[in-house]
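**Student:** Residue numbering for the sequence shown follows the working numbering, beginning at 2 and increasing consecutively.
In this text, a Cβ means the ideal position worked out from N, Cα and C, and glycines have one as well.
Bear in mind the structure is a predicted one, so any value in this text is a computation, not a measurement.
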Amino acid sequence: MQVKVARIGKPHGIRGEVTVQLFTDDPDTRFAPGARLTVQTATAEGAAVVPSGELEVSKARWNKQILVVGFTAVTDRNAAEALRGSQLFVDGESEDDGDDAWYEHELLDMEVLVPGEGRRIGVVTGLRTMPHQDLLQVALDADGREVDVPFVQEIVAEIDEDARTVLVTPPPGLLELGLEDPDEAGPGAESATEPNPGTGGAQA
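1) Starting from the C-beta of F90, find all residues in its chain whose C-beta is less than 8 Å away, skip the five residues before and the five after it, and write them out in chain order.
2) Helix, strand or coil for A203 per DSSP?
3) Which residues does DSSP pair with E55 in a beta bridge?
4) Where do the N-terminal and C-terminal ends of the alpha helix (DSSP H) with E46 fall, by residue?
5) On the DSSP bridge assignment, give the partners of L84 in chain order.
6) Find the nearest neighbour of F152 within the set G145, A61, A164, P171, judged by alpha-carbon distance.
7) Per DSSP, V21 is paired with what?
8) Among all the DSSP beta bridges, which residues are the ones paired with R121?
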């Protein structure tokens with residue numbers, strides 16, 4: 002079984018390095034120098050760059066929160082551009098991340114419930130793999146907003162793969178992120194809709 006671990010993004014610099022969108026919780030291992038990845042190219046130009054269908058990592062480094070990767074077969078910006086949109090895979094049978102490891106494709110569309118209440122608050126729309134803490138992306142039923150839920154035991158209490166549910170205990174304020182606070186509008190907010198007694202009304 003092939004498991005997707007990343008998608009190649011735009012070129013970085015002129016020496017063939019690329020940015021990658023991660024779908025793995027262990028990027029430092031997956032993209033260690035010498036690691037080999039199966040590539041599913043998005044274009045004929047990309048296929049010409051990697052006729053073997055495999056890429057070997059030559060180097061990898063973090064640029065802020067984005068992983069930048071170099072491959073032995075990709076040495077210039079044109080080759081890197083040809084690989085944009087390509088998918089990178091590893092053999093699922095070689096995975097050894099333990100029972101607590103989850104991939105985005107396993108979590109997508111799971112119902113998000115509040116423990117003890119059974120109340121549904123949304124559905125999982127993605128998993129952002131970050132250097133220090135993964136984030137579970139949840140689309141809220143209430144208003145469609147998408148919030149990032151820290152993927153830690155204290156908040157994501159349980160995942161039931163058979164029932165396709167995730168139990169989330171949201172800390173105070175998490176589900177309200179992105180909402181406009183009416184108090185921030187200031188004391189003059191009402192004056193835009195209410196007439197001024199001194200100037201409003203019909204003219205004599």
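**Tutor:** In short, the structure shows the following:
1) Counting from 1 along the sequence shown, the entry for residue 90 is found at position 89. Result list for F90: Q3, V4, K5, V6, L38, T39, V40, Q41, in chain order.
2) Indexing the sequence shown from 1 puts residue 203 at position 202. With a pLDDT of 41 at A203, under the threshold of 50, the modelled position of that residue is not reliable, and no figure is offered here.
3) As a working note, residue 55 is residue 54 in the sequence shown. Its beta-bridge partners are T39.
4) For the purposes of this step, residue 46 is identified with residue 45 of the sequence shown, where counting begins at 1. Start and end: 45-50.
5) As a working mapping, residue 84 is identified with position 83 in the sequence shown. For L84, which the question treats as bridged, DSSP gives no partner whatsoever.
6) What you label residue 152 is simply residue 151 of the sequence shown in a count that begins at 1. The option with the nearest alpha carbon to F152 is P171.
7) Against the sequence shown, residue 21 aligns to sequence position 20. DSSP output for V21 lists I9, L68 as bridge partner(s).
8) Residue numbering aside, residue 121 sits at position 120 when the sequence shown is read from its first letter. R121 is bridged to L114.
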